[in-house]
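Chains as they are written, first to last, in this note's numbering: chain A, 1 to 264; chain B, 1001 to 1359. Here a beta-carbon is modelled for each residue, glycine too, at the ideal position from N, C-alpha and C. Scroll down for the structure; my scribbles are underneath it.
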Amino acid sequence: MKKALYVIAFIGVSLWFTTPLLLVLLASLTPSSDFYIMDKVLPSKLTFDHIYKLLVNLGGWKALIVSIQVALIAIAISFVLGIPAGYALARYVFPGKNVLKLMMLFTRSIPLIVIAVPLVTMYLRFNLADTMLGVALAHAAMVLPFVVLITSSIFSGVFVEYEEAGMIFGLSRFGAFLRITLPLALPGLVASAIFAFIMSWNEVFAASILSITNRTLPAHILSTAMASPDYFKFAAGTIMAVPAMVFIFIIRKYLISMWGISLK
Amino acid sequence: MHLAKVTISNVSKHFGNVRALDGIDLVIEEGSFVVLLGPSGCGKTTLMRCISGLEKPTSGRILFDEKDVTDVAPKDRNVSMVFQSYAVWPHMKVRDNIAYPLKLKKVPKTEIEERVKWVSELLHISELLDRYPAQLSGGQRQRVAVARAIVHKPNVLLMDEPLSNLDALLRVKMRSELKKLHEQVKVTTIYVTHDQTEAMTMGDKIAVMNSGKIVQFGTPEEIYKNPKTIFVAGFVGSPQMNLLKMKVTSDNGQILAQGYGLKIPLRSDPNRDFVIIGIRPENIHLENKPESVPITGNVYFVEKLMSETIIHLSLSEEKSIIMKVPNDFSVKEGEKIQVFIDTRTIHVFDPVSEERIQL
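Structure follows, in structure tokens:
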């Protein structure tokens, strides 16, 4: 009896999540002729026309590439800063440690809209406006607290003795970090990277205000697809959602092992 | 392989207000097997970590032969360590674990293969070389840790309670194996444990530690027969030594320690009002041996070990003594029996300083 309830709950929750996605996907594939006809619930045929137009004619493809590049730069910046910070939090005891941890999360509590104008002004001054690096920096700042906290919990899960054994047998402290800790922390670090990627990929506000020509996909869609017929909006949604879903599907093993490690 | 002499000179280590080590002076001769023995928190692991280089002493020097290594990084000291948790790297096969120290020293590949073969045969793990640590039992992982520790021929080998995570049978087996290994592969070995049986059977010399200090340093026999303090006397030897506080009196010119119905003659005058007399359980007998004094007590607890029997005798309301008797001696709880204390084997301690008094 209990099992049946679990199955029903599982199906229910899955439907709750997947139905909107399926509707969006379906709508994006519906030809324009069928779209506004109320009687037709399901399209007569499927067409990739809208998606194609969005990507090719309306510059969607270029924006997608920009999005990927910005996300990768954001990951690089947040990792270079975040991994050493996460390691320090995991291994060392120093005054103000807990305060620091909380403060990092507080940076997320300021709505971006409040600092939007000063931010753009500063960017103009530093010649960062409308550059991929500029957007990536903003994304890195948003993502950094999470990278630090996730990596610190990952590193805590790697036993100190492994590193110490490395140090005894011929590695320096840094060498032990590189050759012992990082390989053991890899699933967690990959999961962090994914997290950072998704956050940067979906981020629309900072990307919109900090760039005009080199736009990331969400920013681009905001300006183009929103001014277009509805089926373009759905196509935009599909273009946004599908790569992220495919990506998570590919790396689902790493996500699960990260949760496994942090459950220890 | 070079055998190093380890000299620890006035080493202290503070962690904030906690004094983990307090003025440690110790010399470990080349090729010897020295055990650091003591209860949890006595500083033995801290001392070992200072010798390895993982911790730096707050003051004092550590020398390998004549070389001052106090500020030298662990990787440059040519030490080796077997951790309590073994610390065998989980992401590498057993073969790669053992070979890693040699790989880091840039030893040529053929020599690495030879040495891995030699050490894995020595530790009986040749069939396990291509497995991952997660696929091994605790005992097997421990052997891998030991193999990894000796493969690169260190000057000093450190072992941090390597047997404490093994089951009792395996522990006894590994004790003799490690000792035999030390005879075959002569390397200066420093072994940390809280188990006095391990210390007594394995060590050439034992340093008994308490509260960050070395209380006594000597051979197992010295430590057992001539403990310097009550702490050492009570820590080594199982069951624990009986300790009785007795008053010093004289009777017809003979100096006696008196109490609990006992009159124990002392060789000379301890010049104190009270002394603490220590008697090991195996020195209390059922028969009257030469130079023994009688004592009567109520049997209040009997432990039948099948190989022998341990009897708890109560002498008064608060005081009881423990003795060993042969297995065929049958006695019931509540019985009153007379036993004999061999006065040749008593230890005399000062009640205040808890130090041994030589009489």
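Using the DSSP secondary-structure output, state which residues sit across from residue i in a beta bridge.
{"i": "N98 of chain A", "result": "According to DSSP, which records beta bridges pairwise, N98 of chain A is partnered with nothing at all."}
{"i": "M245 of chain A", "result": "DSSP lists no partner for M245 of chain A."}
{"i": "V1079 of chain B", "result": "B:V1156"}
{"i": "K1336 of chain B", "result": "B:N1298"}
{"i": "P1265 of chain B", "result": "B:L1256"}
{"i": "F1033 of chain B", "result": "B:T1189"}
{"i": "K1213 of chain B", "result": "B:N1210"}
{"i": "V1293 of chain B", "result": "B:I1341"}
{"i": "K1245 of chain B", "result": "B:I1276"}
{"i": "E1355 of chain B", "result": "B:T1229"}
{"i": "G1218 of chain B", "result": "B:I1206"}
{"i": "K1067 of chain B", "result": "B:F1064"}
Using only alpha-carbon positions, find the residue among the options that is nearest to residue i.
{"i": "S44 of chain A", "options": "A:L178, A:L26, A:A63, A:V190", "result": "A:L26"}
{"i": "P84 of chain A", "options": "A:A196, A:V148, A:T19", "result": "A:V148"}
{"i": "L1262 of chain B", "options": "B:Q1240, B:P1294, B:T1219", "result": "B:P1294"}
{"i": "N1327 of chain B", "options": "B:D1068, B:L1286, B:E1198", "result": "B:L1286"}
{"i": "A219 of chain A", "options": "A:I73, A:S153, A:I110, A:L64", "result": "A:L64"}
{"i": "A1168 of chain B", "options": "B:N1155, B:P1039, B:R1356, B:G1138", "result": "B:G1138"}
{"i": "M1200 of chain B", "options": "B:S1176, B:H1347, B:I1008", "result": "B:S1176"}
{"i": "G86 of chain A", "options": "A:A71, A:I73, A:M104, A:I51", "result": "A:M104"}
{"i": "N202 of chain A", "options": "A:S67, A:F159, A:K53, A:V120", "result": "A:S67"}
{"i": "D1204 of chain B", "options": "B:L1037, B:L1256, B:V1299, B:H1124", "result": "B:L1037"}
{"i": "P1351 of chain B", "options": "B:S1314, B:N1210, B:P1270, B:N1155", "result": "B:P1270"}
{"i": "I194 of chain A", "options": "A:Y36, A:S32, A:I256, A:T131", "result": "A:I256"}
{"i": "N214 of chain A", "options": "A:A136, A:L29, A:H50, A:A116", "result": "A:A136"}
{"i": "A165 of chain A", "options": "B:F1349, B:Y1086, B:S1032", "result": "B:Y1086"}
{"i": "M1209 of chain B", "options": "B:G1043, B:K1336, B:E1030, B:N1017", "result": "B:G1043"}
{"i": "G188 of chain A", "options": "A:V204, A:S153, A:F177", "result": "A:S153"}
{"i": "E951 of chain B", "options": "B:T1045, B:L1315, B:M1323, B:L1178", "result": "The structure shown does not extend to residue 951 of chain B, since chain B spans only 1001 to 1359, so no value can be given for it."}
{"i": "Q1142 of chain B", "options": "B:N1155, B:P1154, B:S1120", "result": "B:S1120"}
{"i": "G1237 of chain B", "options": "B:S1250, B:K1228, B:I1223, B:N1017", "result": "B:I1223"}
Using 10 angstroms around the beta-carbon of residue i, count the other beta-carbons present and answer buried if the total reaches 16, otherwise exposed.
{"i": "F1301 of chain B", "result": "exposed"}
{"i": "W1089 of chain B", "result": "buried"}
{"i": "Q1196 of chain B", "result": "buried"}
{"i": "T238 of chain A", "result": "buried"}
{"i": "E163 of chain A", "result": "buried"}
{"i": "P95 of chain A", "result": "exposed"}
{"i": "A1004 of chain B", "result": "buried"}
{"i": "H139 of chain A", "result": "buried"}
{"i": "E1161 of chain B", "result": "buried"}
{"i": "M1159 of chain B", "result": "buried"}
{"i": "Y123 of chain A", "result": "buried"}
{"i": "V99 of chain A", "result": "exposed"}
{"i": "I1230 of chain B", "result": "buried"}
For residue i, which residues from the same chain have a beta carbon less than 8 Å from its beta carbon, with the 5 sequence-adjacent residues on both sides left out?
{"i": "Q1184 of chain B", "result": "L1122"}
{"i": "D1130 of chain B", "result": "K1093, V1094, R1095"}
{"i": "L1057 of chain B", "result": "Residue 1057 of chain B is actually Pro in this sequence, not Leu. V1011, S1012, K1013, L1021, C1050, T1070, listed in sequence order."}
{"i": "F1319 of chain B", "result": "The residue you asked about is not Phe; residue 1319 of chain B is Lys in the sequence shown. Counting only Cβ-Cβ distances below 8 Å, and skipping sequence neighbours, we find L1244, Y1260."}
What does residue i touch in chain B if you count any residue whose Cβ is under 9 Å from its own?
{"i": "L184 of chain A", "result": "W1089, P1090, H1091"}
Looking only at its own chain, which residues have a Cβ that is under 6 Å from the Cβ of residue i, when we skip the five neighbours before and after it?
{"i": "K264 of chain A", "result": "The pLDDT assigned to K264 of chain A is 43, lower than 50, so where the model puts this residue is not dependable, and the model offers no usable value."}
{"i": "I221 of chain A", "result": "A236"}
{"i": "K1067 of chain B", "result": "none"}
{"i": "A71 of chain A", "result": "F197, S200, W201"}
{"i": "I1357 of chain B", "result": "P1270, V1348, D1350"}
Taking Cβ-Cβ distances shorter than 8 Å, what residues in chain B pair up with residue i?
{"i": "I154 of chain A", "result": "Near I154 of chain A there are no residues of chain B at all, since even the closest Cβ is about 14 Å away, more than 8 Å."}
Tell me which same chain residues have a C-beta within less than 7 Å of the C-beta of residue i, skipping the five on either side of it?
{"i": "A1149 of chain B", "result": "S1080, M1081, V1082, L1157"}
{"i": "T1193 of chain B", "result": "V1035, L1037, E1161, A1199"}
{"i": "L1026 of chain B", "result": "I1008, A1207, I1214, F1217"}
Anything in chain A within Cβ reach of residue i, meaning under 8 Å, just list it in chain order.
{"i": "S1052 of chain B", "result": "I168"}
Against residue i, what residues of chain A qualify as contacts under a CB-to-CB distance less than 7 Å, listed in chain order?
{"i": "P1074 of chain B", "result": "M167, I168"}
{"i": "V1079 of chain B", "result": "I168"}
{"i": "L1104 of chain B", "result": "F169, G170, L171"}
{"i": "F1083 of chain B", "result": "E161, A165"}
Along chain A, in chain order, which residues have C-beta atoms closer than 9 Å to that of residue i?
{"i": "P1101 of chain B", "result": "I168, F169, G170"}
Report whether the distance from the Cβ of residue i to the nearest heavy atom of the ligand PLP is below 7 Å.
{"i": "L25 of chain A", "result": "Among the ligands in the structure shown, none appear at all, so the ligand PLP cannot be discussed."}
Anything in chain B within Cβ reach of residue i, meaning under 7 Å, just list it in chain order.
{"i": "I180 of chain A", "result": "W1089"}
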